[in-house]
Amino acid sequence: MSYKKVTHVLFDLDGLLIDSERLYTEAFERVCAKYGKCFTWEIKSSILGFQGHECASKIINALDLPLTKEEFMGECQKVYEIVFQHVHLMPGAERLVEHLYNNGVPIAMATSSSQESVNMKMQNHQAFLKYFHHVTMGSSDPEVTKGKPDPAIFLVCASRFPDKPKPEDCLVLEDAVNGVKAACAANMQVVAVPDPRIDKKLLKNATLVLNSLEEFQPELFGLPAYE
1370 MSYKKVTHVL
1380 FDLDGLLIDS
1390 ERLYTEAFER
1400 VCAKYGKCFT
1410 WEIKSSILGF
1420 QGHECASKII
1430 NALDLPLTKE
1440 EFMGECQKVY
1450 EIVFQHVHLM
1460 PGAERLVEHL
1470 YNNGVPIAMA
1480 TSSSQESVNM
1490 KMQNHQAFLK
1500 YFHHVTMGSS
1510 DPEVTKGKPD
1520 PAIFLVCASR
1530 FPDKPKPEDC
1540 LVLEDAVNGV
1550 KAACAANMQV
1560 VAVPDPRIDK
1570 KLLKNATLVL
1580 NSLEEFQPEL
1590 FGLPAYE
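Residues are numbered in the numbering used here as their position in the sequence shown, beginning at 1, plus a constant of 1369.
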(Lines of atoms letter the chains of each structure in order from A and count residues from 1; the text may use other names and numbers.)
(Lines give C-alpha, C1' and ligand atoms only; values in the text may rest on other atoms or scores of the structure.)
Protein backbone atom coordinates (compact mmCIF):
# COMPACT_ATOMS: atom_id res chain seq x y z
CA MET A 1 0.00 0.00 0.00
CA SER A 2 1.40 3.41 -0.90
CA TYR A 3 0.49 6.66 0.81
CA LYS A 4 0.94 10.29 -0.18
CA LYS A 5 4.11 11.94 1.05
CA VAL A 6 3.68 14.52 3.78
CA THR A 7 5.85 17.29 5.19
CA HIS A 8 4.18 18.10 8.53
CA VAL A 9 2.69 15.94 11.30
CA LEU A 10 -0.13 16.83 13.73
CA PHE A 11 -0.63 14.81 16.90
CA ASP A 12 -3.66 14.41 19.11
CA LEU A 13 -2.78 14.18 22.82
CA ASP A 14 -5.21 12.19 25.00
CA GLY A 15 -5.15 8.45 24.38
CA LEU A 16 -2.53 8.84 21.64
CA LEU A 17 0.57 10.38 23.24
CA ILE A 18 -0.45 10.00 26.91
CA ASP A 19 -2.52 7.38 28.74
CA SER A 20 -4.94 10.01 30.07
CA GLU A 21 -8.10 8.32 28.75
CA ARG A 22 -7.70 5.70 31.49
CA LEU A 23 -7.56 8.51 34.06
CA TYR A 24 -10.54 10.38 32.61
CA THR A 25 -12.50 7.13 32.92
CA GLU A 26 -11.44 6.81 36.56
CA ALA A 27 -12.60 10.37 37.30
CA PHE A 28 -15.95 9.92 35.53
CA GLU A 29 -16.53 6.60 37.32
CA ARG A 30 -15.84 8.16 40.72
CA VAL A 31 -18.15 11.13 40.17
CA CYS A 32 -20.98 9.07 38.67
CA ALA A 33 -20.74 6.49 41.48
CA LYS A 34 -21.44 9.23 44.04
CA TYR A 35 -24.91 9.47 42.49
CA GLY A 36 -25.42 5.71 42.22
CA LYS A 37 -24.71 5.66 38.49
CA CYS A 38 -22.31 3.53 36.44
CA PHE A 39 -20.09 5.11 33.79
CA THR A 40 -19.84 2.42 31.09
CA TRP A 41 -17.67 1.80 28.03
CA GLU A 42 -20.77 2.45 25.90
CA ILE A 43 -20.91 6.02 27.24
CA LYS A 44 -17.12 6.37 27.12
CA SER A 45 -16.96 5.37 23.46
CA SER A 46 -19.60 7.98 22.58
CA ILE A 47 -17.58 10.88 24.02
CA LEU A 48 -14.04 10.10 22.78
CA GLY A 49 -12.55 13.13 21.04
CA PHE A 50 -15.16 15.64 22.22
CA GLN A 51 -14.33 18.80 24.18
CA GLY A 52 -14.76 18.72 27.97
CA HIS A 53 -18.04 20.60 28.18
CA GLU A 54 -19.54 18.38 25.46
CA CYS A 55 -18.45 15.25 27.37
CA ALA A 56 -20.05 16.60 30.56
CA SER A 57 -23.39 17.23 28.83
CA LYS A 58 -23.43 13.79 27.22
CA ILE A 59 -22.65 11.98 30.50
CA ILE A 60 -25.25 13.97 32.46
CA ASN A 61 -27.90 13.22 29.82
CA ALA A 62 -26.99 9.54 29.47
CA LEU A 63 -27.13 8.88 33.22
CA ASP A 64 -29.70 11.51 34.23
CA LEU A 65 -27.32 12.98 36.81
CA PRO A 66 -28.72 15.67 39.15
CA LEU A 67 -25.94 18.11 38.20
CA THR A 68 -25.37 21.04 35.92
CA LYS A 69 -22.56 20.82 33.38
CA GLU A 70 -20.46 23.18 35.53
CA GLU A 71 -21.06 21.16 38.71
CA PHE A 72 -20.10 17.91 37.00
CA MET A 73 -16.93 19.43 35.56
CA GLY A 74 -16.06 20.92 38.96
CA GLU A 75 -16.35 17.53 40.68
CA CYS A 76 -14.25 15.89 37.97
CA GLN A 77 -11.63 18.62 38.30
CA LYS A 78 -10.98 17.65 41.92
CA VAL A 79 -10.24 14.07 40.83
CA TYR A 80 -8.12 15.21 37.86
CA GLU A 81 -5.84 17.17 40.17
CA ILE A 82 -4.99 13.91 41.94
CA VAL A 83 -4.90 11.33 39.12
CA PHE A 84 -3.22 13.42 36.42
CA GLN A 85 -0.04 13.63 38.45
CA HIS A 86 0.52 10.04 37.31
CA VAL A 87 -0.09 10.27 33.55
CA HIS A 88 2.40 8.31 31.40
CA LEU A 89 3.50 8.61 27.79
CA MET A 90 2.06 5.90 25.54
CA PRO A 91 4.40 3.22 24.13
CA GLY A 92 6.34 4.56 21.16
CA ALA A 93 5.28 8.19 21.70
CA GLU A 94 8.60 9.60 22.86
CA ARG A 95 10.64 7.70 20.28
CA LEU A 96 8.47 8.88 17.37
CA VAL A 97 8.16 12.52 18.45
CA GLU A 98 11.86 12.82 19.25
CA HIS A 99 12.78 11.13 15.94
CA LEU A 100 10.67 13.52 13.84
CA TYR A 101 11.95 16.53 15.77
CA ASN A 102 15.59 15.50 15.42
CA ASN A 103 15.12 14.98 11.68
CA GLY A 104 13.65 18.44 11.15
CA VAL A 105 10.05 17.37 10.51
CA PRO A 106 7.69 20.16 11.68
CA ILE A 107 5.32 18.73 14.29
CA ALA A 108 2.49 20.25 16.32
CA MET A 109 -0.22 19.11 18.69
CA ALA A 110 -3.98 19.52 18.15
CA THR A 111 -5.89 18.58 21.29
CA SER A 112 -9.50 19.15 22.30
CA SER A 113 -8.26 19.89 25.83
CA SER A 114 -7.92 23.40 27.31
CA GLN A 115 -4.68 25.15 28.25
CA GLU A 116 -5.38 24.47 31.94
CA SER A 117 -5.98 20.78 31.27
CA VAL A 118 -2.82 20.39 29.16
CA ASN A 119 -0.75 22.14 31.85
CA MET A 120 -2.08 19.73 34.47
CA LYS A 121 -1.57 16.56 32.41
CA MET A 122 1.86 17.51 31.11
CA GLN A 123 3.29 18.85 34.39
CA ASN A 124 5.83 15.99 34.48
CA HIS A 125 6.45 15.99 30.72
CA GLN A 126 7.59 19.54 30.02
CA ALA A 127 10.69 18.40 28.11
CA PHE A 128 8.47 16.29 25.82
CA LEU A 129 6.23 19.30 25.05
CA LYS A 130 9.24 21.28 23.81
CA TYR A 131 9.51 19.05 20.72
CA PHE A 132 6.30 20.57 19.31
CA HIS A 133 6.42 23.76 17.25
CA HIS A 134 3.09 24.74 18.80
CA VAL A 135 0.10 23.28 20.65
CA THR A 136 -3.46 24.11 19.56
CA MET A 137 -5.90 23.59 22.45
CA GLY A 138 -9.46 23.40 21.18
CA SER A 139 -11.35 24.06 24.39
CA SER A 140 -9.56 27.36 25.07
CA ASP A 141 -8.53 28.54 21.59
CA PRO A 142 -10.76 31.34 20.21
CA GLU A 143 -9.95 30.37 16.61
CA VAL A 144 -11.21 26.80 17.07
CA THR A 145 -14.91 27.54 16.72
CA LYS A 146 -16.11 23.91 16.78
CA GLY A 147 -14.77 20.72 18.31
CA LYS A 148 -13.91 17.47 16.52
CA PRO A 149 -15.39 15.95 14.30
CA ASP A 150 -15.34 19.45 12.77
CA PRO A 151 -12.01 19.99 10.95
CA ALA A 152 -11.41 23.43 12.51
CA ILE A 153 -8.76 22.35 15.03
CA PHE A 154 -6.55 20.67 12.42
CA LEU A 155 -6.89 23.52 9.92
CA VAL A 156 -6.07 26.12 12.59
CA CYS A 157 -3.15 24.01 13.84
CA ALA A 158 -1.67 23.60 10.33
CA SER A 159 -2.03 27.32 9.62
CA ARG A 160 0.28 28.15 12.55
CA PHE A 161 3.37 26.62 11.01
CA PRO A 162 5.51 29.43 9.51
CA ASP A 163 5.37 27.86 6.02
CA LYS A 164 1.57 27.26 6.18
CA PRO A 165 1.43 23.78 4.60
CA LYS A 166 -1.54 22.69 2.51
CA PRO A 167 -3.89 20.29 4.35
CA GLU A 168 -2.93 17.43 2.00
CA ASP A 169 0.72 17.84 3.07
CA CYS A 170 -0.19 17.16 6.71
CA LEU A 171 -0.49 13.79 8.44
CA VAL A 172 -2.65 13.46 11.55
CA LEU A 173 -2.15 10.83 14.27
CA GLU A 174 -5.30 10.19 16.30
CA ASP A 175 -6.91 7.64 18.61
CA ALA A 176 -10.59 8.68 18.47
CA VAL A 177 -13.27 8.20 15.81
CA ASN A 178 -14.14 11.91 16.01
CA GLY A 179 -10.51 12.80 15.45
CA VAL A 180 -10.35 10.59 12.36
CA LYS A 181 -13.51 12.24 11.02
CA ALA A 182 -12.07 15.70 11.70
CA ALA A 183 -8.81 14.89 9.90
CA CYS A 184 -10.66 13.48 6.89
CA ALA A 185 -12.88 16.57 6.78
CA ALA A 186 -9.71 18.69 6.81
CA ASN A 187 -8.45 16.75 3.73
CA MET A 188 -5.52 15.28 5.66
CA GLN A 189 -4.30 11.68 5.81
CA VAL A 190 -4.84 10.15 9.24
CA VAL A 191 -3.22 7.25 11.10
CA ALA A 192 -5.50 5.90 13.82
CA VAL A 193 -4.18 4.21 16.97
CA PRO A 194 -7.51 3.44 18.67
CA ASP A 195 -8.57 1.88 21.93
CA PRO A 196 -8.80 -1.85 21.04
CA ARG A 197 -12.47 -1.85 22.05
CA ILE A 198 -13.43 0.59 19.29
CA ASP A 199 -15.34 -1.03 16.42
CA LYS A 200 -12.91 -1.02 13.47
CA LYS A 201 -15.82 -0.34 11.10
CA LEU A 202 -16.00 3.17 12.58
CA LEU A 203 -12.41 3.75 11.42
CA LYS A 204 -12.91 2.73 7.79
CA ASN A 205 -11.99 6.23 6.56
CA ALA A 206 -8.62 6.25 8.34
CA THR A 207 -5.62 6.05 6.02
CA LEU A 208 -4.03 3.43 8.27
CA VAL A 209 -5.02 1.78 11.59
CA LEU A 210 -2.34 0.58 14.04
CA ASN A 211 -2.38 -1.12 17.43
CA SER A 212 0.37 1.10 18.85
CA LEU A 213 2.59 4.05 17.90
CA GLU A 214 5.43 1.52 18.10
CA GLU A 215 4.15 0.09 14.78
CA PHE A 216 4.29 3.42 12.92
CA GLN A 217 6.75 3.50 10.00
CA PRO A 218 7.49 7.13 9.10
CA GLU A 219 8.96 6.21 5.70
CA LEU A 220 5.51 5.07 4.48
CA PHE A 221 4.60 8.76 4.30
CA GLY A 222 7.91 9.99 2.91
CA LEU A 223 9.26 10.91 6.35
CA PRO A 224 12.76 9.95 7.58
CA ALA A 225 12.92 6.28 8.62
CA TYR A 226 14.14 5.18 12.02
CA GLU A 227 17.85 4.34 11.96
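Note that CB positions come from ideal geometry on N, CA and C, so glycine has one too. As the structure is a prediction and not an experimental result, all values here were calculated from the model.
Can you check which of these residues, the options, is closest to residue i by C-alpha distance?
| i | options | result |
| --- | --- | --- |
| Asn1488 | Leu1379, Val1504, Pro1565 | Val1504 |
| Pro1563 | Gly1507, Leu1582, Met1506 | Leu1582 |
| Ser1482 | Thr1576, Phe1585, Glu1390, Tyr1372 | Glu1390 |
| Glu1440 | His1455, His1422, Val1525, Thr1409 | His1422 |
| Gly1418 | Ala1552, Leu1589, Lys1573 | Ala1552 |
| Gln1454 | Asp1388, Ala1479, Lys1499 | Asp1388 |
| Asp1519 | Leu1458, Ile1451, Thr1480 | Thr1480 |
| Asn1547 | Leu1392, Ala1496, Ala1521 | Ala1521 |
| Leu1392 | Met1442, Leu1379, His1457 | His1457 |
| Glu1584 | Ile1451, Pro1460, Asp1381 | Pro1460 |
| Ile1567 | Trp1410, Leu1385, Phe1590 | Trp1410 |
Run through DSSP, which three-state label would residue i get?
| i | result |
| --- | --- |
| Pro1567 | The sequence given here has Ile at residue 1567, not Pro. Residue state, collapsed to three classes: coil. |
| Leu1392 | helix |
| Val1559 | strand |
| Leu1386 | coil |
| Leu1577 | strand |
| Cys1401 | helix |
| Leu1592 | coil |
| Lys1413 | helix |
For residue i, which residues in the same chain have their Cβ closer than 6 angstroms to its Cβ, ignoring the five residues on either side in sequence?
| i | result |
| --- | --- |
| Ser1486 | none |
| Cys1445 | Ala1396, Val1400 |
| Gln1484 | Met1506, Ser1509 |
| Met1491 | Leu1498 |
| Met1442 | Ala1425 |
Ordered along the chain, which non-local residues of its own chain (more than five positions away) have a Cβ less than 8 angstroms from that of residue i?
| i | result |
| --- | --- |
| His1377 | Val1474, Pro1475, Ile1476, Ala1477, Ala1527, Phe1530, Pro1534, Asp1538, Cys1539, Leu1540 |
| Leu1436 | Tyr1404, Ile1429, Glu1444 |
| Lys1427 | Ile1412, Ser1415, Ile1416, Phe1419 |
| Thr1394 | Phe1408, Lys1413 |
From what residue to what residue does the beta strand (DSSP E) around residue i run?
| i | result |
| --- | --- |
| Phe1380 | 1377 to 1380 |
Skipping 5 residues on each side, what residues in its chain have a beta carbon closer than 7 angstroms to that of residue i?
| i | result |
| --- | --- |
| Asn1556 | Pro1536, Glu1537 |
| Cys1407 | Cys1401 |
| Thr1576 | Tyr1372, Gln1558, Val1559, Val1560 |
| Lys1569 | Val1578 |
| Tyr1500 | Val1466, Glu1467, Tyr1470, Ile1476 |
| His1502 | Pro1475, Ile1476, Ala1477, Phe1530 |
| Lys1374 | Phe1590, Gly1591 |
Subject >> Secondary structure, alpha helix (DSSP H): runs of 4+ residues fully inside the stretch 1415 to 1502 >> reply: 1421 to 1432, 1438 to 1452, 1462 to 1471, 1484 to 1490, 1495 to 1498
**OP:** Report the residue ranges of all alpha helix (DSSP H) runs contained in full by the stretch 1502 to 1556; include only those spanning at least 4 residues, in chain order.
**Re:** Fully enclosed alpha helix (DSSP H) runs of 4 or longer: 1521 to 1528, 1546 to 1554.
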